[in-house]
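Using this note's numbering, the first residue of the sequence shown is number 139, and each one after it goes up by one.
Ideal placement from N, C-alpha and C gives every residue a C-beta, glycine not left out.
Remember, predicted model here, so these are calculated numbers, not experimental data.
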Amino acid sequence: MQRRNGVQWLVLGGLFSVVCGVARADGLADLNAALARLQGQTPIKAQVESKSWRREGEGKEAEEDSGQATVAVEGGPAGLQVLYSKEVLAKVEAEQRARVKDPKVKTPIGFALGEMKATELRSMVSAAGALSREIDEAVFSGEKVDSYKGKPARLLSFTLSLDKVPEKDRKYVKKFDGGIDVWIAADGTPLASHFHIDVSGRAFVVISFTQKTDETRQYGVSGDHLLLLRKESRNATSGAGEKVESKIIKTLQLQS
């Protein structure tokens, strides 16, 4: 009788391990469920700040641009509204007037506002859709127990394919590596993500090129909104004797 109980416990223990293994490995379903419930239908107000930097060329001939700007964003049943303060508009006007007199003058406010595209701003106040599309285009490659900012988390990894490169350029690519890592809480809510692409190749036999993109994101939740609280993007491209580097940091603050 005891032997039977021992065998029974071994069987049950094995089944328990399998069930727990399935539960632990079901992070993708939890993530998709969280993204589905955080579609951001309720009204929201926020401020988005963009700090941009770009350098083209090398050495003494390199040209640099940088700038910083803040806009207000309001989302609701009518859609997305982007509001520019009088101060920002006045600075933009001053920059444009200065450029009429000197085409080489820097326009830092205008440069930073150039990164405030509608699609980017929408993804800041309602990030679920953008993240959902990204993982739909990727291949789920695994899940493991991890931590984020010292707290327990699950790390989901995805692999990107060459499809991320425009079709007309794929024939020139010799090396491609890309992926997405997403840290999620116990209920599947995204905490952070890391997106990267590394491409290199050769065009027209003699022109070699490289392109690297690295982006880190930090998420938060307000009501039914998944917020993109901070996004830092770094890009570097080189080819045909040219080199371009850029860094853009966007941050979001909720407004009452």
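Please work out which residues of its chain come closer than 6 angstroms, Cβ to Cβ, to residue i, disregarding the five sequence neighbours upstream and downstream, and give them in chain order.
i      : result
Gly152 : Low confidence applies to Gly152: its pLDDT is 41, below 50, so where it sits in the model is not reliable, and the reading given next is rough at best. None.
Thr389 : Glu187, Arg368
Relative to the alpha-carbon of residue i, which residue among the options has its alpha-carbon at the smallest distance?
i      : options                        : result
Leu366 : Ser299, Glu187, Leu294         : Glu187
Ser331 : Ala276, Gln177, Leu269         : Leu269
Gln177 : Glu370, Thr327, Ile387         : Thr327
Ala266 : Val230, Thr208, Tyr357         : Tyr357
Ala207 : Glu353, Lys244, Ala250         : Ala250
Ile335 : Leu294, Asp352, Ile345         : Asp352
Ala174 : Ser204, Lys312, Leu364, Gly197 : Leu364
Gln393 : Lys385, Gln185, Gly205, Arg340 : Gln185
Starting from residue i, trace the beta strand (DSSP E) in both directions and tell me its first and last residue.
i      : result
Asp336 : 328–341
Pro290 : 289–297
Just to confirm my understanding: we take residue i, look at its own chain, exclude 5 residues before and 5 after, and list those with CB closer than 8 angstroms. What are they?
i      : result
Gly252 : Ser190
Leu218 : Val211, Glu212, Ala256, Leu259, Arg260, Val263
Can you tell me whether residue i is helix, strand or coil according to DSSP?
i      : result
Gln317 : Sequence inspection shows Gly at residue 317; the Gln mentioned does not correspond to that position. If DSSP states are grouped into helix, strand and coil, Gly317 belongs with the strands.
Val238 : helix
Pro215 : coil
Gly377 : strand
Gly361 : coil
Asp284 : strand
Asp203 : strand
Val226 : helix
Ala276 : coil
Ser270 : helix
Lys255 : coil
Could you tell me the boundaries of the alpha helix (DSSP H) in which residue i lies?
i      : result
Ser264 : That residue, Ser264, is in no alpha helix (DSSP H); it is neither H nor E in DSSP.
Glu304 : Looking at the sequence shown, residue 304 is not Glu but Pro. Where Pro304 is concerned, there is no enclosing alpha helix (DSSP H), given that its DSSP letter is neither H nor E.
Ala250 : 246–251
Which same chain residues end up closer than 7 angstroms to residue i when comparing Cβ atoms and leaving out the 5 residues on each side of it in sequence?
i      : result
Lys229 : Ile247
Original post:
Which runs of the alpha helix (DSSP H) spanning at least 4 residues fall entirely within the region 164–195, listed in chain order?
Top reply: 165–175
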